[in-house]
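*Asks:* So the sequence shown is numbered by my numbering: it starts at 1 and just counts up by one.
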Amino acid sequence: MFLGAHMSIEGGVENAPLRGKKAGCQVIQIFTKNNNRWNSRQLTDKDINSFKKNSFDTGVIPSASHTAYLINLASPNTEIYKKSLEAFSDEMERAERLGLPYLIFHPGAHLGSGENTGLKRIADSINILLKKGSHPKGCGYQLMLLLETTAGQGSHLGYKFEHLSEIIETVDEKEKIGVCLDTCHIFAAGYDISNEYGYKKTFEDFNKIIGIDRLKAFHINDSKKGLGSRVDRHEHIGKGKIGLTAFKLLLNDAQFKNIPMIIETPKGKTMREDRKNLSVLKGLIRVD
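1. Can you tell me which residues form a DSSP beta bridge with Ile61?
2. Rounded to the nearest angstrom, how far is the Cβ of Ile259 from that of Ala217, given a contact under 8 Å?
3. May I ask you to report which of helix, strand or coil DSSP gives Met92?
4. Taking 7 Å as the cut-off, is the CB of Ile259 close to at least one heavy atom of the ligand FMN?
5. Comparing the C-beta of Ser75 with each C-beta of chain D, is any distance below 8 Å?
6. Using three-state DSSP, classify Gly283 as helix, strand or coil.
7. Shortest alpha-carbon distance to Gly99 belongs to which of Ile177, Ser65 and Leu129?
8. I need the DSSP call for Leu70, collapsed to helix, strand or coil.
9. Roughly how many angstroms lie between the CA atoms of Ser75 and Leu143, to the nearest whole one?
10. Would you kindly check if the distance between the Cβ of His106 and the Cβ of Ala151 is under 8 Å?
11. State buried or exposed for Arg37, treating a residue as buried only when at least 16 other CB atoms are found within 10 Å of its CB.
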């Protein structure tokens, strides 16, 4: 299994692989800019070369970046929607230049415009963004965009597998779109993965509605809140309402053995919490 954690880019994006190595990560996820601002300093060639060199030297694989939280591709507000498109396009370019295979994003919140309207706006936005491309020859981006499952808090879309399926069906370049499944989010949304029966049913439903081949990454988080709470609050592995059974099943599921699994559990300035959570997960893997 490819296990890792979300790593800070404090002091420069090139520091993320070094932190990942210290935490015991095989893979990492990063923000490529400040996640709570629209604008940020552009990446230089030096930043990018140092990032790639540190990734190579440490053996830590940068598997994905996550878009800033301000972005909302479903927003009915014209100004916010325009800013979201521009910021998302910038995120795509940054991820592409860093050589990241995946860009993970929350689908968006409809903010009262309705689920159907919001889902259509998200899909239309993805079509616009993918057509921009980043290569001089016009062959488009190499990276894949991953829709993240959500808890459904407020008016956020993506808390049903059907939401993601509808977006994917409307996207023209379907080979450029996949899914990142967050264990905390789907549990809070009502998918009970805390026991073997519920775990199997959840992934059977995912396969039937979306297709298991679309699943390209996991966010591995326990949940502070209960099943169906629709509240997004991450907890340390085995300390929340999901419990260890789901993670044991997931880590020993052969169909997911080559998919990056990233923890986004609570942590401070040190790597102590990440090391502990990763140790718990590694301890659940069967050795045949």
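By construction, the Cβ of each residue, glycine as well, lies at the ideal position given by its N, Cα and C atoms.
*Replies:* Taking the geometry as given:
1. Indexing the sequence shown from 1 puts residue 61 at position 61. Partner(s): Val27.
2. Within the sequence shown, numbered from 1, the residue matching residue 259 stands at position 259. Within the sequence shown, numbered from 1, the residue matching residue 217 stands at position 217. About 6 Å separates the two Cβ atoms, so the contact holds.
3. Within the sequence shown, numbered from 1, the residue matching residue 92 stands at position 92. Reduced to three states, the DSSP call for Met92 is helix.
4. With respect to the ligand FMN, the structure offers nothing, as it holds no ligand at all.
5. Going by chain labels, chain D is absent from the structure shown, which holds only one protein chain.
6. The residue given as residue 283 occupies position 283 in the sequence shown. Coil.
7. Taking the sequence shown and counting its residues from 1, one reaches residue 99 at position 99. The candidate whose alpha carbon is nearest that of Gly99 is Ser65.
8. Within the sequence shown, the letter at position 70 stands for residue 70. Three-state DSSP puts Leu70 in coil, outside helix and strand.
9. If you number the sequence shown from 1, residue 75 lands on position 75. If you number the sequence shown from 1, residue 143 lands on position 143. Near 24 Å, if we compare the C-alpha coordinates of Leu143 and Ser75.
10. In the sequence shown, the residue the question calls residue 151 occupies position 151. In the sequence shown, the residue the question calls residue 106 occupies position 106. No, they are not a contact pair.
11. As a first step, residue 37 must be located in the sequence shown, where it is residue number 37. When all chains shown are included, Arg37 counts as exposed.
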